[in-house]
DNA sequence: CAGAATCCCTTGGGATACTG
DNA sequence: CAGTATCCCAAGGGATTCTG
């Protein structure tokens, strides 16, 4: 295979495959989005509980935005409970649930390769 | 389980599990990083080839930074070839290779759930 | 309680020009 | 060829305040 061919092949990869990876990453690359998804997966959650589990290190404004982003991305949905004051429950969609194993894989990957700086890294 | 307990449990999850997911995402969330990793996986690559495969939509400056980031993250390594002008080959490390299946999973996930906006999303 | 409005600041990435 | 230096801009996220 000549060099031009391999370049063309690579262009195919870029156009047809790689872009989709970035699509996925865009949806979960928010500062807190993956954390929110993982936490919501554990149990039904309300706004203030999610904030609490994030150690209150996220502002209301930011949490609201991230939740809205996740909703727009169709990863979560919310149910507004009747009564006052207003309470809201957040759920994962099927799409969101399908992402959990991948987030778990990322977690395991980080754990496995955490600070390996050995010459044996190249195989 | 009382509410306080579940909150505490969630705090454990946050501290022990979720942070690592973000560690991983931080390494690959650069605008081009996942794309670069996928392309490098296909074959040995040089700076200008990587740029070409990205359709020249990335500036030299940015490409240099992303490659350096990936190197610092220990996802790739480079080999400087003797001679002039200088040529450089980039390789995936074991850590980087281990990430490919996950990137592939993200790709498949995107494809599978691309624009599903149905009420059946909630199961 | 669950957010939206406003304001501000940091960061990432683009463009261009230069170098060993 | 493979970068680095410099400059710039848009976007993301934080803090605070306000509201239904």
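Protein chains in written order, with the numbering used here: chain E, -10 to 112; chain G, -10 to 112.
Glycine residues also receive a C-beta, built at the ideal position from the N, C-alpha and C atoms.
Is the Cβ-Cβ distance between residue 96 of chain E and residue 10 of chain G less than 8 Å? Taking a C-beta distance under 8 Å as the contact criterion, residue 96 of chain E and residue 10 of chain G qualify as a contact pair.
Put residue 76 of chain E into one of helix, strand or coil per three-state DSSP. Three-state DSSP puts residue 76 of chain E in a strand.
Closer than 8 Å, Cβ to Cβ, to anything on chain G: give me those residues from the segment 21 to 40 of chain E, in chain order. Within the segment 21 to 40 of chain E, those residues whose Cβ lies closer than 8 Å to any Cβ of chain G are, in chain order, 23, 24, 27, 28, 31, 32 and 38.
Provide the residue(s) that pair with residue 66 of chain G in DSSP beta bridges, ordered along the chain. DSSP lists G:80 as partners of residue 66 of chain G.
When we look at the beta-carbon of residue 61 of chain G and count the other beta-carbons within 10 Å, is it buried (16 or more) or exposed? The residue in question, residue 61 of chain G, is exposed, as its Cβ has fewer than 16 Cβ neighbours within 10 Å.
Listing by chain order, which chain E residues have their CB less than 8 Å from the CB of residue 129 of chain G? No statement about residue 129 of chain G is possible, as the shown extent of chain G runs from -10 to 112 and does not include it.
Can you pull the chain G residues whose beta carbon is under 7 Å from the beta carbon of residue 102 of chain E, in chain order? Within 7 Å Cβ-Cβ: 84 and 87.
So, helix, strand or coil for residue 34 of chain G, using DSSP? In the structure shown, residue 34 of chain G sits in a strand (DSSP, three-state: E or B).
Could you please give the first and the last residue of the uninterrupted alpha helix (DSSP H) stretch that includes residue 57 of chain G? From DSSP, the alpha helix (DSSP H) with residue 57 of chain G extends over 49 to 61.
Does the beta-carbon distance from residue 16 of chain E to residue 81 of chain E come in below 8 Å? Here residue 16 of chain E is not near residue 81 of chain E, since their CB atoms are 8 Å or more apart.
For residue 76 of chain E and residue 68 of chain E, I'd like the C-alpha separation in whole angstroms. Cα to Cα, the separation comes out at about 9 Å.
With a threshold of 8 Å, are at least 3 pairs of Cβ atoms found where one atom belongs to the segment 85 to 96 of chain E and the other to the segment 22 to 42 of chain E? Remark: three or more beta-carbon pairs, one from each stretch, lie closer than 8 Å, so the segment 85 to 96 of chain E and the segment 22 to 42 of chain E are flagged as touching.
Helix, strand or coil, according to DSSP, for residue 90 of chain E in the structure here? Residue state, collapsed to three classes: helix.
Using a 10 Å radius around the Cβ and a threshold of 16 neighbouring Cβ atoms, would you call residue 101 of chain G buried or exposed? Its Cβ having fewer than 16 others within 10 Å, residue 101 of chain G is exposed.
Taking the C-alpha atoms as reference points, what is the distance between residue 8 of chain G and residue 22 of chain E? Across the structure, residue 8 of chain G and residue 22 of chain E are spaced so that their CA atoms are roughly 11 Å apart.
Residue 34 of chain E: which of E:65, E:54, E:98 and E:20 sits nearest, CA to CA? Nearest C-alpha to residue 34 of chain E: E:65.
Determine the burial state of residue 40 of chain E: buried for a count of at least 16 other Cβ atoms within 10 Å of its Cβ, exposed for fewer. Here residue 40 of chain E is buried: its Cβ has 16 or more other Cβ atoms, across all protein chains shown, within 10 Å.
Exposed unless 16 or more other CB atoms sit within 10 angstroms - verdict on residue 50 of chain G: The residue is exposed, with fewer than 16 neighbouring Cβ atoms inside 10 Å.
How should residue 98 of chain E be labelled, buried or exposed, when 16 other C-beta atoms within 10 angstroms of its C-beta is the threshold for buried? Label assigned to residue 98 of chain E: buried.
CB contact below 8 Å: residue 98 of chain E versus chain G: At least one chain G Cβ lies under 8 Å of residue 98 of chain E.
Does the beta carbon of residue 9 of chain E sit closer than 8 Å to a beta carbon anywhere in chain G? Residue 9 of chain E has a beta carbon lying within less than 8 Å of a beta carbon in chain G.
Which of helix, strand or coil does DSSP assign to residue 3 of chain E? Bear in mind that the predicted position of residue 3 of chain E carries a pLDDT of just 47, short of 50, making it too unreliable to give a figure here.
Starting from the Cα of residue 20 of chain G, find the closest Cα among E:14, E:20 and E:24 and give me that residue. When only C-alpha atoms are compared, the closest one is E:14.
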